Amino acid sequence: MKIRNLSLFALINWLLWCILSLFYFKTGGFAGDFYGSLFTAFFIPGHILLFALGLFILSLPFRLIGPRALQAAATVWGGVFSLFFVLDIIVYSQYRFHISPAMLELFFGPAGREIFMFPASTWVMAFTGLAALFAAEWGLTVLSKKFTLSNKFLIWTGVFFVFISLGYNGLFAWAKFMMVPSITAQRDRLPFSNPLSVNRRLRKMGFEPKREPYALPARGDLNYPLHTLSCTPDKKQNVLIILVESWRSDSFTPEIMPRLTQWSQRAGAHYFANHLSGGNATEAGVFSLFYSMPYAYWNDFTSRHLPPVLVSEAQALGYTPAVYSSGKLNSPAFHQNVFAAIPNLRLESKGQTKWERDIDAVQDFETFLDKHNPKEPFFGFVFLDAPHGSDSPKEDQIFKPAGEAMNYLLLTKNTDPTPYMNRYKNSLHFTDKMIDRLLTDLQKRGLLKNTWVVLTGDHGQEINDTRHNFWGHNSNFAKYQTHVPLFVWSPSDADAQTLTYRTNHYDVAPTILTHVYNCTNAPADYSIGADLFDSTPRPFSLISSYTKKAVRTGDKLTVMDAYGNLEFYDENFTPISDGADAAQVGEAFKTFAKFYK
Numbered sequence: 017m018k019i020r021n022l023s024l025f026a027l028i029n030w031l032l033w034c035i036l037s038l039f040y041f042k043t044g045g046f047a048g049d050f051y052g053s054l055f056t057a058f059f060i061p062g063h064i065l066l067f068a069l070g071l072f073i074l075s076l077p078f079r080l081i082g083p084r085a086l087q088a089a090a091t092v093w094g095g096v097f098s099l100f101f102v103l104d105i106i107v108y109s110q111y112r113f114h115i116s117p118a119m120l121e122l123f124f125g126p127a128g129r130e131i132f133m134f135p136a137s138t139w140v141m142a143f144t145g146l147a148a149l150f151a152a153e154w155g156l157t158v159l160s161k162k163f164t165l166s167n168k169f170l171i172w173t174g175v176f177f178v179f180i181s182l183g184y185n186g187l188f189a190w191a192k193f194m195m196v197p198s199i200t201a202q203r204d205r206l207p208f209s210n211p212l213s214v215n216r217r218l219r220k221m222g223f224e225p226k227r228e229p230y231a232l233p234a235r236g237d238l239n240y241p242l243h244t245l246s247c248t249p250d251k252k253q254n255v256l257i258i259l260v261e262s263w264r265s266d267s268f269t270p271e272i273m274p275r276l277t278q279w280s281q282r283a284g285a286h287y288f289a290n291h292l293s294g295g296n297a298t299e300a301g302v303f304s305l306f307y308s309m310p311y312a313y314w315n316d317f318t319s320r321h322l323p324p325v326l327v328s329e330a331q332a333l334g335y336t337p338a339v340y341s342s343g344k345l346n347s348p349a350f351h352q353n354v355f356a357a358i359p360n361l362r363l364e365s366k367g368q369t370k371w372e373r374d375i376d377a378v379q380d381f382e383t384f385l386d387k388h389n390p391k392e393p394f395f396g397f398v399f400l401d402a403p404h405g406s407d408s409p410k411e412d413q414i415f416k417p418a419g420e421a422m423n424y425l426l427l428t429k430n431t432d433p434t435p436y437m438n439r440y441k442n443s444l445h446f447t448d449k450m451i452d453r454l455l456t457d458l459q460k461r462g463l464l465k466n467t468w469v470v471l472t473g474d475h476g477q478e479i480n481d482t483r484h485n486f487w488g489h490n491s492n493f494a495k496y497q498t499h500v501p502l503f504v505w506s507p508s509d510a511d512a513q514t515l516t517y518r519t520n521h522y523d524v525a526p527t528i529l530t531h532v533y534n535c536t537n538a539p540a541d542y543s544i545g546a547d548l549f550d551s552t553p554r555p556f557s558l559i560s561s562y563t564k565k566a567v568r569t570g571d572k573l574t575v576m577d578a579y580g581n582l583e584f585y586d587e588n589f590t591p592i593s594d595g596a597d598a599a600q601v602g603e604a605f606k607t608f609a610k611f612y613k
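Below, the structure is given as structure tokens:
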């Protein structure tokens with residue numbers, strides 16, 4: 017294989033990748049106006065050119081070894097790039113974001129096999145497709161060797177690529193300065209996209225933008241809490257937080273969770289029926305629950321190993337920590353933030369399946385209670401994971417038909433959701449038993465009369481409820497992925513209550529610090545939330561994913577991507593045109609900088 021043959025091979029792949037890239041726009045939407053369509057026409061070939069250049073440059077050194085080595089290298093790199101596009105398109109179609117280093121770290125990390133569960137059919141299709149893909153790339157190298165590109169063709173091809181590269185970068189620079197949403201919204205359609213921006217230079221030249229793009233407040237050093245806490249409980253009551261993975265609010269029904277239904281009607285029970293998580297994924301959901309602040313602070317608290325005051329104040333007051341998670345606590349890195357100060361932290365549970373690990377976590381918590389002095393307070397946390405993979409033992413598989421684990425390669429917006437929904441319900445039917453087991457054990461030990469129990473989910477779980485081909489979570493901010501049940505049992509003989517005003521994960525920590533730790537500080541000293549029992553309307557709710565942030569006001573959502581672009585949706589994540597303006601969103605997002613100096 018010669019260098020000119022390699023050039024043709026790269027061009028053929030470039031053309032194929034351009035065609036594949038149309039699937040990104042099929043999912044994310046094509047522009048509806050002239051300027052947006054013009055940008056798309058330049059953007060796809062111009063940006064995909066970078067991948068073709070990467071293929072050419074990475075393969076070229078092997079020419080020094082010989083023609084066969086160059087052909088083999090071209091096959092490998094062509095297969096790698098093509099495989100990336102295929103996988104990234106699948107990820108984007110489900111979650112609306114691209115493969116990233118953070119996602120790969122999670123997939124190949126210590127909890128990868130627990131978090132990502134695929135049926136055998138997925139692996140068979142994957143390996144078959146992989147073999148076919150590399151065979152096709154080898155065939156393209158053979159085809160490329162049969163033709164030789166002329167100098168004239170190469171020159172005009174180079175001119176064309178310079179033209180489209182200047183075109184899409186120039187169009188985007190103009191659109192970003194003038195805030196043309198039909199163009200700027202396309203930035204995240206293609207992977208690793210970073211078109212030219214010249215806003216600062218244009219301002220220096222005296223030009224003024226149509227309106228200022230929104231930017232998050234600048235960060236400084238952490239200032240947390242804002243004031244030293246003053247907490248002097250008259251009586252140290254126990255705290256137990258039970259967290260359920262992927263628990264959507266509408267799954268709390270007598271049919272699915274009969275035991276919890278009974279517990280919700282007992283004295284001291286408070287059911288918050290309109291509750292929002294602070295995220296649509298585990299990291300953001302757990303972080304907002306414990307820290308009572310947005311996920312934007314994750315990296316700063318993690319790098320400093322700084323725990324939330326909810327945990328650190330419990331330790332300062334002499335509470336014994338009892339942390340038992342079904343999933344690994346080092347992936348995500350909760351051992352470096354939420355539980356960073358807990359010695360000898362139990363990082364994982366035993367078992368081959370999620371439901372087996374759930375049982376192990378519950379059993380270990382019971383063992384802790386067996387050994388613990390009931391006169392000493394404890395701060396407990398039990399994290400149940402079965403619904404995350406819709407996993408359950410056979411005796412709990414009562415909803416039928418129930419499909420196998422999701423084969424994401426086959427899911428479309430027209431896929432029948434019933435088998436997957438039934439599988440999810442079965443996992444919650446099993447989880448219902450685990451919750452009942454925990455509460456019953458506390459009751460038998462006489463601990464309920466001195467324990468505050470919080471039960472909620474880290475985020476929801478969508479099964480194509482919006483009919484936009486969303487399956488799972490971390491893909492949008494619709495109610496199915498963000499609304500979760502919340503129960504609080506207090507040591508009280510008061511009648512059970514159902515509270516319907518909106519509450520957030522950010523409200524849990526202030527409630528415990530106020531009612532259990534008897535802290536005299538205002539919640540604003542350490543959180544962006546309020547007391548759960550304060551019915552004052554929350555002006556907005558903040559929700560985060562791994563890549564985006566959303567402000568919910570009423571039933572409307574204003575979503576900001578990583579580049580400051582704003583989009584508006586209703587609670588079913590259907591685009592609307594009358595969301596909050598940038599100034600209102602700016603006020604809400606000021607909380608992202610509240611705890612920086």
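The working numbering puts the first residue of the sequence shown at 17, with every later residue one more than the last.
Using N, Cα and C, we set each Cβ at its ideal position, and we do this for glycine too.
These numbers were taken from a predicted model, which means no experiment stands behind them.
- Positions of the alpha helix (DSSP H) runs, each at least 4 residues long and wholly inside the segment 500-540, are given as 524-531 in order along the chain.
- In the DSSP assignment, Y585 forms a beta bridge with L573 and P591.
- Taking L529 as reference, the option from E478, W468, T552 and L292 with the minimal CA-CA separation is W468.
- Shown here for A402: same chain residues with a beta carbon closer than 7 Å to its own, the five before and five after excluded, namely K370, W371, D374, S408, S443, F446 and T447 in chain order.
- Nearest in C-alpha terms to T472, of all of L400, K410, K429 and K168, is L400.
- The beta carbons of A332 and S508 sit about 26 Å from each other, so the pair does not count as a contact at 8 Å.
- Contact between S198 and G343 is ruled out by a C-beta separation of about 41 Å, above the 8 Å threshold.
- Looking at the backbone, the Cα of E299 and that of D104 are separated by about 22 Å.
- The same chain holds no residue with a CB closer than 6 Å to that of F549 once the five nearest residues on each side in sequence are set aside.
- Sequence-distant Cβ neighbours of Y287 in its own chain, meaning closer than 6 Å and more than five residues away, are S280, F503 and T514.
- H475 is a Cβ neighbour of S293, given a cutoff of 8 Å.
- Under DSSP, H291 forms a beta bridge with T519.
- Following the DSSP letters along the chain, one finds N254 inside the beta strand (DSSP E) bounded by residues N254 to V260.
- If you keep only unbroken alpha helix (DSSP H) runs of at least 4 residues inside the segment 39-89, you get 50-75.
- The alpha-carbon of M141 is positioned some 41 Å away from that of V196.
- Under the criterion of beta carbons closer than 8 Å, A68 and F78 do not qualify as touching, at roughly 17 Å.
- The segment 237-253 makes contact with the segment 534-552, as at least three CB pairs between them are under 8 Å.
- For the pair K460 and N438, the CB atoms are not nearer than the 8 Å cut-off.
- Look at the segment 269-325 and you find these whole runs of alpha helix (DSSP H), each 4 residues long or longer: 274-279, 298-307 and 314-320.
- Taking a cut-off of 8 Å for Cβ pairs, the segment 315-324 and the segment 344-357 touch, as three or more such pairs fall below it.
- Counting only the Cα atoms, L426 lies some 24 Å from D204.
- DSSP, reduced to helix, strand and coil, places L400 within a strand of the structure shown.
- Residue range K370 to K387 is occupied by the alpha helix (DSSP H) that includes W371.
- The bridge partners DSSP lists for V339 are F397.
- Here DSSP, grouped into helix, strand and coil, assigns G473 to strand.
- As computed with DSSP, Y612 is found in a beta bridge with L238.
- Rounded to whole angstroms, the separation of the alpha carbons of F41 and R112 is 11 Å.
- The shortest CA-to-CA distance from K449 to any of A349, L276 and H531 is the one to L276.
- Inter-residue distance for P83 and I35 is about 29 Å (C-alpha atoms, whole angstroms).
- Here M273 is buried. Its C-beta has 16 or more other C-beta atoms within 10 Å.
- Here K565 carries a strand assignment [DSSP, helix/strand/coil].
- By the neighbour-count criterion, in which a residue is buried when 16 or more other Cβ atoms sit within 10 angstroms of its Cβ, I171 is exposed.
- Straight through space, the alpha carbons of V102 and L86 are spaced by roughly 24 Å.
- Relative to F303, the option among H521, N430, G334 and L454 whose CA is nearest is H521.
- If you look at L455, you'll find it in the alpha helix (DSSP H) that goes T434 to K460.
- In this structure M221 is exposed. Its beta-carbon is surrounded by fewer than 16 other beta-carbon atoms within 10 angstroms.
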